[in-house]
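For the sequence shown, numbering that gives the first Met the number 0 assigns the number 0 to the initial residue and increments by one for each residue that follows.
A short write-up of the structure that comes next.
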Amino acid sequence: MKAKVYVTLKSGVLDPQGKAIQHSVELLGYEGIADVRQGKYFEIALDGSLDEARARELAEAVGRDVLSNPVIEDYRVEVEA
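Put into structure tokens, the structure is as follows:
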């Protein structure tokens with residue numbers, strides 16, 4: 000079983016790395032990009048003995064307590080068998 004955790008900055012939080020990426024994209028000639036927001040992606044291999052509910056609960060706890068800063072970041076979890 001695998002959990003995917005996506006961590007992104009909350010809207011309203013400045014994203015200097017995203018702005019730098021947007022600027023670089025524009026310098027490369029790409030047009031029509033209004034904004035870039037960067038984030039983090041994690042894949043967590045979970046013990047096969049966990050049921051899906053417990054796996055989600057565990058991944059949610061890790062996303063909340065370890066992988067994200069709840070003051071400035073949001074996270075979401077996907078669990079796949």
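Each residue gets a CB set at the ideal place from its N, CA and C atoms; glycine is no exception.
Model, not experiment: these values are computed from the prediction.
Hey, could you find the ends of the beta strand (DSSP E) residue i is sitting in?
i	result
Gly-28	Unbroken run through Gly-28: none, as it is neither H nor E.
Just to confirm, is the Cβ distance from residue i to residue j under 8 angstroms?
i	j	result
Tyr-40	Tyr-74	no
Thr-7	Glu-72	yes
Ile-78	Ala-58	The displayed chain sequence assigns Val, not Ile, to residue 78. Yes.
Between the alpha carbons of residue i and residue j, how many angstroms are there, rounded?
i	j	result
Ala-92	Gly-62	Outside the displayed span of the chain (0 to 80) sits residue 92, for which this structure offers no information.
Pro-15	Gly-47	39 angstroms
Lys-1	Ile-43	6 angstroms
Val-76	Ala-60	10 angstroms
Arg-53	Leu-13	35 angstroms
Tyr-29	His-22	10 angstroms
Leu-27	Ile-20	11 angstroms
Ala-80	Gly-38	24 angstroms
Ser-10	Glu-25	22 angstroms
Arg-55	Asn-68	19 angstroms
Using a Cβ-Cβ distance under 8 angstroms, would residue i count as near chain D?
i	result
Arg-53	Absent from the structure is chain D; it holds one protein chain and no more.
### Query
Mind pulling the beta strand (DSSP E) runs of 3 or more residues that sit fully within the segment 2-72?
Listed in chain order, the complete beta strand (DSSP E) runs (minimum 3 residues) inside the segment 2-72 are 38-44.
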